[in-house]
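Peer 1: Residue numbers (our numbering), protein chains in the order written: chain A, 2 to 328; chain B, 8 to 320; chain C, 17 to 286.
Input: one structure, supplied below.
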């Protein structure tokens, strides 16, 4: 059994009597100690998915389907039960390390709070553990860092603090929501390395959320491509990168600059991700922006097809897509 | 450290300006001040004598400097009306006014912060509407109207509390407190309504911040998030308001003291102005404004102690 | 206009103000009794058919006196706020638009004036110039100036470097033209909210000063004077003191609510 498995999971918001689906009928699995990527443009439901795995969706959100995690269905949990999961079994780090920490508290105690709330431990030992943890996320001079306020640290340092905080209780799953997007390019690689190393050392499974397909190359074993609240393609990361099937994935990959398309005009997918209110409830969500759409794309949602573990949701076969897109 | 130095210099400059304004405003008195004080039918000898006691025969700057020197020595001249030293009159009045302001501030904070927090954490619930109507009303009603209303209800109707007069603390704390209860409530109801507003807005603003989401993702309870994380952050802007409210409370106490016949600074001011008691007016105005300026300075200091980011700037 | 009245604060404030204005307009033409007519045989009478709000310690009709009192309050409030607005606007706009040394000095003075708590500044001026209608108005307008100057200044500082002002400057518009026909309209809504709140505090201060005997003088029917006279009869005629109290409170509430409503609609504190 998987560590986490979303089964037909839908997240909707009740907006003036209208149900808006932020995430729609998705299936997603993460095995123990596995690193999985969830890819998509901003506004496509990645962060909404992540927050619902923490039970942190807005008050007016409704869940249907299941969130099986370590054998329990989190979709039916109440606030009290959620609290025993958050920070203890599942942790999360966010995109903006600049604002994610409480500006008025020293960072050490902020990490320590995680231990004090979830474990029976005295402050002295907790502090010891925090210092150790700071060291293991490559924050040398941990005594000084412990006593620092967030504004005294750099973005990269703060993200390390967030990672230390997230992992100090040895959760079985870490959700990293765009953990490097707000950082300098040089720091990005360091943070990704750190997450990778933590995954290997501690065996923490990681759900890495990103809009950047090239980031996850060689990093995660499997990847899910999300568009407008639906999973449109999933499989082994290298399969998806080398042989993308869905027109959306193809568009994403074509818009990554690389050696092959150097000097040419970079591809970009026409149109923008529809907002929650604009989404239609039937048909393939990508149809309005798709270059190879046909009429049926607007009326029915294409069933998921599977080729040796590489799944995609499109009416056309891989060959047809290839032909239509290049023709 | 440079932050504190800059603040300190600012304080000194403001203090000097305030003293200049207080001093020179009374120099533009139309006509001869001695004549105004004594009335038109005063004889020449009387006027000269008064000019001497007021020091009006000396040049302006000299008078200012000796006035300021006097301030440090606790000698602000002799009140004409009471024939007593201005400093000792102010000292007596200040005992009452300080106590009144202190009670008012305590009530303001004791009402304002909890109600503000409550409204912020129940922003969608129905009973927040009646509370905000009440707070809007108490915000708008002038404190002296509130005073009259409270006297009408608690003293005249219910006969529960003394309507006017002051019992010094030496005659028992409880009796003294009772005599200041209605006056301080009259002031506090209005100023707590201002505080409620700011607390509510400030907490709601903090609740939407990223670090609150982090705190939730740590698995903290709502209570803990509120008290360990949000509270301190949202009370920082409120400190500024407390500084402004000090001025408000002192201003309010001038009229409230008259309504309740309390022998404080406010009473003194009124009497000194109607009797044109120049040295006393000057001393009082200077004192009150110095208190306000210093309170604001203390607020700035507290601010920087609570918020580690400020000292850096 | 509809947008304004859909704001509950503004709506309620306007209704109260409208009723007060109605009383004011009626008082120009007719009051039930002469405000100074005494009737000692009929003093401190309870509200009745003849005297709708009762009579005072000299047997004067309270309703008539309240009507005239509203007139005094609104007149003084209007005069004080409009002159405070005028001077505050002038000082604030020059200070904010040109900045520099002048601005620093002016703002230091404004800050100093703001260090005096509430009515103290007004009291100080009354101590210097004496009481009475004109001096009360002067004192209250001086009290209102710093607030307007500050708001105007920050508005000008914000807008003087904005793109549309730069465009005007390139087009060759003079400073005065830019200041008053381009920048000023942008801060009118903020100024009107401030004007309303200042109106409330002017009415409040006038009543307070007159109560203390430092503002208007008897026999003028100022609400503050009524209040202080009525307080002596609190036990014998409890309704008497409530009438000026409630009238003052209503006037102040009306302007505060209108000011709050305007501020909310300007996107301020909600």
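The C-beta atom is built at its ideal place from N, Cα and C for all residues, glycine as well.
Would you say residue 243 of chain B lies against chain A (beta-carbon separation less than 9 angstroms)?
Peer 2: Chain A contact via Cβ: present.
Peer 1: Taking C-beta pairs closer than 9 angstroms, name the residues in chain B that residue 227 of chain C reaches, listed in chain order.
Peer 2: 151, 262, 265 and 266, listed in chain order.
Peer 1: Which residue from C:81, C:139, C:42 and C:30 puts its Cα closest to that of residue 226 of chain C?
Peer 2: Considering only alpha carbons, the answer is C:139.
Peer 1: If we require 3 or more residues per run, which beta strand (DSSP E) segments fall completely within the region 212 to 292 of chain A?
Peer 2: List check, beta strand (DSSP E) in window: 223 to 228 and 231 to 237.
Peer 1: Apart from the five residues on each side of it in sequence, which residues of its chain come closer than 6 angstroms, Cβ to Cβ, to residue 66 of chain A?
Peer 2: Within the same chain, residue 66 of chain A has close Cβ partners 8, 9, 10 and 11.
Peer 1: Could you tell me the boundaries of the alpha helix (DSSP H) in which residue 265 of chain B lies?
Peer 2: Where residue 265 of chain B is concerned, the enclosing alpha helix (DSSP H) stretches over 238 to 266.
Peer 1: Distance, Cα to Cα, residue 180 of chain B vs residue 137 of chain B?
Peer 2: One C-alpha to the other measures close to 35 angstroms.
Peer 1: With a CB to CB cut of under 6 angstroms and the five nearest residues on each side skipped, what residues in its chain are close to residue 279 of chain B?
Peer 2: For residue 279 of chain B, where only same-chain residues beyond five positions count, the Cβ hits under 6 angstroms are 287 and 288.
Peer 1: Please state whether the Cβ-Cβ distance between residue 80 of chain C and residue 128 of chain C is less than 9 angstroms.
Peer 2: Result no, Cβ atoms of residue 80 of chain C and residue 128 of chain C do not sit closer than 9 angstroms.
Peer 1: Could you check the C-alpha separation between residue 160 of chain C and residue 218 of chain C for me, to the nearest Å?
Peer 2: Roughly 8 angstroms separates the two Cα atoms.
Peer 1: Helix, strand or coil for residue 171 of chain B per DSSP?
Peer 2: Looking at residue 171 of chain B - three-state DSSP - the assignment turns out to be coil, as it is neither helix nor strand.
Peer 1: Compare the C-beta of residue 124 of chain B with all C-beta atoms of chain A and state if any pair is closer than 9 angstroms.
Peer 2: Residue 124 of chain B does not count as touching chain A.
Peer 1: Select from the region 207 to 224 of chain B all residues with a C-beta closer than 8 angstroms to any C-beta belonging to chain A, and list them in chain order.
Peer 2: Going along the region 207 to 224 of chain B in chain order, one finds 216, 217, 218, 220, 221, 222, 223 and 224 with a Cβ nearer than 8 angstroms to chain A.
Peer 1: Check whether chain B comes within 9 angstroms of residue 220 of chain C, counting only Cβ atoms and requiring the distance to be less than that.
Peer 2: Taking Cβ atoms only, chain B reaches closer than 9 angstroms to residue 220 of chain C, which makes this a yes.
Peer 1: Name the chain B residues whose beta carbon is nearer than 8 angstroms to that of residue 102 of chain A?
Peer 2: In chain order: 218 and 221.
Peer 1: How is residue 263 of chain C classed by DSSP in three states: helix, strand or coil?
Peer 2: Residue state, collapsed to three classes: helix.
Peer 1: Find the nearest neighbour of residue 63 of chain C within the set C:78, C:55 and C:74, judged by alpha-carbon distance.
Peer 2: Selected option, being the one with the closest Cα: C:78.
Peer 1: In three-state terms, what does DSSP make of residue 285 of chain C?
Peer 2: Low local confidence applies: a pLDDT of 41 at residue 285 of chain C is under 50, so the model's placement there is unreliable, with the coordinate-based value given in what follows. Note: residue 285 of chain C maps to coil in three-state DSSP.
Peer 1: Please state the DSSP three-state secondary structure of residue 187 of chain C.
Peer 2: In this structure, residue 187 of chain C counts as coil in the three-state DSSP scheme.
Peer 1: When DSSP labels each residue in this structure, what does residue 365 of chain A get in the three-state scheme?
Peer 2: No answer is possible for residue 365 of chain A: the residues shown for chain A start at 2 and end at 328.
Peer 1: How far does the alpha helix (DSSP H) with residue 116 of chain C in it extend, from its first residue to its last?
Peer 2: Run containing residue 116 of chain C: 116 to 131, per the alpha helix (DSSP H) assignment.
Peer 1: Given this structure, state the Cα-to-Cα distance separating residue 229 of chain C from residue 210 of chain C, to the nearest angstrom.
Peer 2: If I take the Cα positions, the gap works out to 28 angstroms.
Peer 1: Given residue 268 of chain C, which residues of its chain have a CB within under 7 angstroms of its CB, disregarding the five upstream and five downstream residues?
Peer 2: Closer than 7 angstroms at Cβ, skipping near neighbours: 216, 219 and 220.
Peer 1: What do you get for residue 242 of chain B, buried or exposed, if any count of 16 or more other CB atoms within 10 angstroms of its CB means buried?
Peer 2: Residue 242 of chain B should be labelled buried.
Peer 1: Return the residue from the list A:240, A:151 and A:289 that minimises the CA-CA distance to residue 274 of chain A.
Peer 2: It is A:289.
Peer 1: Could you check where the beta strand (DSSP E) with residue 152 of chain C kicks off and where it finishes?
Peer 2: Here residue 152 of chain C belongs to no beta strand (DSSP E); instead the alpha helix (DSSP H) covers 149 to 175.
Peer 1: In chain order, what residues of the region 227 to 252 of chain B put their CB closer than 7 angstroms to some CB of chain E?
Peer 2: Of the protein chains in this structure, namely A, B and C, none is chain E.
Peer 1: My understanding is that residue 242 of chain A touches residue 214 of chain A, with C-beta atoms under 8 angstroms, so please give their C-beta distance in whole angstroms.
Peer 2: Confirmed, about 7 angstroms.
Peer 1: List the whole-angstrom C-beta distance separating residue 88 of chain A from residue 130 of chain A, where the pair is believed to meet the contact cut-off of C-beta under 8 angstroms.
Peer 2: With 8 angstroms as the limit, residue 88 of chain A and residue 130 of chain A do not qualify as a contact, their Cβ atoms being about 14 angstroms apart.
Peer 1: Leaving aside the five residues before and after residue 115 of chain B along the sequence, list all residues of the same chain whose C-beta is less than 7 angstroms from its C-beta, in chain order.
Peer 2: Hits under 7 angstroms: 195, 198, 199, 202 and 252.
Peer 1: Which first and last residues belong to the alpha helix (DSSP H) in which residue 44 of chain C is found?
Peer 2: Run containing residue 44 of chain C: 24 to 45, per the alpha helix (DSSP H) assignment.
Peer 1: Judging by CA-CA distance, which residue of A:136, A:139 and A:113 is the nearest neighbour of residue 127 of chain A?
Peer 2: Residue A:113 is the option with its Cα nearest to residue 127 of chain A.
Peer 1: What residue range does the alpha helix (DSSP H) around residue 165 of chain B cover?
Peer 2: Per DSSP, residue 165 of chain B belongs to no alpha helix (DSSP H) and is neither H nor E.
Peer 1: Residues in its own chain within less than 8 angstroms of residue 310 of chain B by CB, not counting five upstream and five downstream?
Peer 2: These residues qualify, in order along the chain: 243, 246, 247 and 317.
Peer 1: Which residue from B:267, B:315, B:127 and B:294 puts its Cα closest to that of residue 162 of chain B?
Peer 2: Of the candidates B:267, B:315, B:127 and B:294, the one whose C-alpha sits nearest the C-alpha of residue 162 of chain B is B:267.
Peer 1: To test your reading of the DSSP string, which unbroken beta strand (DSSP E) runs of 3 or more residues are found completely within the region 18 to 46 of chain A?
Peer 2: As far as the region 18 to 46 of chain A is concerned, its whole beta strand (DSSP E) runs of at least 3 residues are 19 to 31 and 36 to 40.
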